[in-house]
Amino acid sequence: ETGVTQTPRHLVMGMTNKKSLKCEQHLGHNAMYWYKQSAKKPLELMFVYNFKEQTENNSVPSRFSPECPNSSHLFLHLHTLQPEDSALYLCASSQGTSGGKQYFGPGTRLTVT
Amino acid sequence: QQPVQSPQAVILREGEDAVINCSSSKALYSVHWYRQKHGEAPIFLMILLKGGEQKGHDKISASFNEKKQQSSLYLTASQLSYSGTYFCGTEISGGYNKLIFGAGTRLAVHP
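Chains as they are written, first to last, in our numbering: chain S, 1 to 113; chain W, 114 to 224.
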């Protein structure tokens, strides 16, 4: 399944580093999402973009900064992260404005040291 | 707003049945069901939009009650491949693509 791709697949970064996660969808969808999945919590919605516009910020700390330059690409810029930010970050996409099947990418496993 | 899933975990022998429940305190716009295997991305199973709806494919089906506050996922004659964590995702209202997931139900099917 190559509909939604994410890079890198694994990332280790220090608390003072700046890095970016990239997501690309090849499905022609108009909505894209970032989710955080950690061992102690369920899938947490972070951001939603509909037609390149951010429509949801689920109280995410400002050290996470999303960017959606077009409907096919989504970035998550990371800076001054904390160890508790270590998690699997999943990108997803869907078609339509509601009730759409979401296709998930393989995720980026992030470790903050 | 997070939906409540139950049970938290289920252990089955091959061929046995299981039911996973997902409930909300508010009426929902839709319910989505996903399965995630360890180390893999969640995979879509089905979406329910209408109160009283039932749908399914193969031996996995789901229902959405009339009040649209509860959904159940039915796994019949389980197979080893059914093992994984099942999540329900809920939309409170349409138009925003905002899906909130439950804590998940871990299902293990043994020979």
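Where is the CB? At the ideal position from N, CA and C, for every residue including glycine.
Exercise for review: Can you tell me which of S/H26, S/D85, S/V12 puts its alpha carbon nearest to the alpha carbon of S/Y35?
Suggested key: Within the first sequence, the letter at position 35 stands for residue 35 of chain S. The option with the nearest alpha carbon to S/Y35 is S/D85.
Check your understanding: In terms of residues, what are the limits of the beta strand (DSSP E) holding W/K168?
Key -> By one-based count along the second sequence, residue 168 of chain W stands at place 55. Element bounds for W/K168: 167-170.
Exercise for review: Answer with yes or no whether the minimum CB distance from S/L43 to chain W is below 7 Å.
Suggested key: Looking up residue 43 of chain S in the first sequence gives position 43. Yes - at least one Cβ of chain W is within 7 Å of the one on S/L43.
Exercise for review: Report the neighbours of W/G197 on chain S: residues whose CB is nearer than 8 Å to its CB, in chain order.
Suggested key: Here the question's residue 197 of chain W lines up with position 84 in the second sequence. The contacting residues do not exist; W/G197 stays about 13 Å from chain S at best.
Practice item. Report the option in S/N57, S/F75, S/A92 whose CA atom is closest to the CA atom of S/V4. Key: On the first sequence, position 4 is the one that residue 4 of chain S refers to. Closest by alpha carbon: S/A92.
Exercise for review: Compare the beta carbon distance of S/H73 and S/S65 with 7 Å and say whether it is the shorter of the two.
Suggested key: Along the first sequence, one-based indexing puts residue 73 of chain S at 73. Along the first sequence, one-based indexing puts residue 65 of chain S at 65. Cβ distance not < 7 Å, so S/H73 and S/S65 don't count as in contact.
Check your understanding: Which residues bound the beta strand (DSSP E) around S/K22?
Key -> Locating residue 22 of chain S in the first sequence gives position 22, counting from the first residue. Segment 18-25, the beta strand (DSSP E) holding S/K22.
Exercise for review: For W/R148, count neighbouring C-beta atoms within 10 Å of its own C-beta (all shown protein chains included) and say buried if the count is 16 or more, exposed if not.
Suggested key: By one-based count along the second sequence, residue 148 of chain W stands at place 35. W/R148 is buried by the Cβ-count criterion.
Practice item. Look at S/C68 and S/Y89 and say whether their C-beta atoms are less than 7 Å apart. Key: On the first sequence, position 68 is the one that residue 68 of chain S refers to. On the first sequence, position 89 is the one that residue 89 of chain S refers to. Result no, Cβ atoms of S/C68 and S/Y89 do not sit closer than 7 Å.
Review point. Are the region 151-168 of chain W and the region 52-61 of chain S touching by the rule of at least three beta carbon pairs closer than 8 Å?
Key: no
Exercise for review: State the Cα-Cα distance for the pair W/G128 and S/L11, rounded to the nearest angstrom.
Suggested key: Along the second sequence, one-based indexing puts residue 128 of chain W at 15. Along the first sequence, one-based indexing puts residue 11 of chain S at 11. In a straight line, the C-alpha of W/G128 is about 40 Å away from that of S/L11.
Review point. Is S/A39 buried or exposed, if buried means 16 or more other CB atoms sit within 10 Å of its CB?
Key: Stepping through the first sequence from its first residue, residue 39 of chain S is reached at position 39. Classification of S/A39: exposed, given that the 10 Å Cβ count is below 16.
Exercise for review: With a 10 Å radius around its C-beta and 16 neighbouring C-beta atoms as the bar for buried, classify W/S137 as buried or exposed.
Suggested key: On the second sequence, residue 137 of chain W is found 24 positions in, with the first residue counted as 1. Burial call: buried.
Point to revise | Assigned exposure category for W/G164 - 16 Cβ within 10 Å defines buried | key: Counted from its first residue, the second sequence places residue 164 of chain W at position 51. Counting Cβ neighbours within 10 Å, W/G164 comes out exposed, since fewer than 16 surround it.
Exercise for review: Run down chain B in chain order and give the residues with a C-beta less than 7 Å from the C-beta of S/F104.
Suggested key: No chain B appears in this structure, whose protein chains are S and W.
Review point. Excluding the five sequence neighbours on either side, which residues of its own chain have a C-beta within less than 6 Å of the C-beta of W/T198, listed in chain order?
Key: Position 85 of the second sequence, counted from the first residue, corresponds to residue 198 of chain W. Excluding sequence neighbours, W/T198 sits near Q149, G217, R219.
Review point. Out of W/D130, W/F214, W/K181, W/Y187, which has the shortest C-alpha to C-alpha gap to S/L45?
Key: Locating residue 45 of chain S in the first sequence gives position 45, counting from the first residue. Here the closest residue by C-alpha is W/F214.
Practice item. Would you please verify whether the beta carbon of S/G99 is less than 7 Å from any beta carbon of chain W? Key: Locating residue 99 of chain S in the first sequence gives position 99, where the first residue counts as 1. Yes, S/G99 counts as interfacial toward chain W.
Check your understanding: Taking Cβ positions only, does W/A216 come closer than 7 Å to chain S?
Key -> One-based indexing of the second sequence puts residue 216 of chain W at position 103. So, interface residue.
Check your understanding: What is the DSSP secondary structure of W/S184, reduced to helix, strand or coil?
Key -> For the purposes of this step, residue 184 of chain W is identified with residue 71 of the second sequence, where counting begins at 1. Strand at W/S184.
Point to revise | Bridge-paired residues (DSSP) for W/G202 | key: Translated into the one-based positions of the second sequence, residue 202 of chain W becomes position 89. According to DSSP, which records beta bridges pairwise, W/G202 is partnered with W/H145, W/F214.
Point to revise | Endpoints, beta strand (DSSP E) assigned at S/H10 | key: The residue you call residue 10 of chain S lines up with position 10 of the first sequence. Segment 10-13, the beta strand (DSSP E) holding S/H10.
Point to revise | Cβ-based burial, S/S62 [other Cβ within 10 Å; buried from 16] | key: Looking up residue 62 of chain S in the first sequence gives position 62. By the neighbour-count rule (16 or more Cβ atoms within 10 Å), S/S62 is not buried but exposed.
Practice item. Note down, in chain order, each residue of its chain lying with its Cβ closer than 6 Å to the Cβ of S/K18, except the 5 sequence neighbours on either side. Key: Walking along the first sequence from the start, residue 18 of chain S turns up at place 18. So the qualifying residues of the chain are H79.
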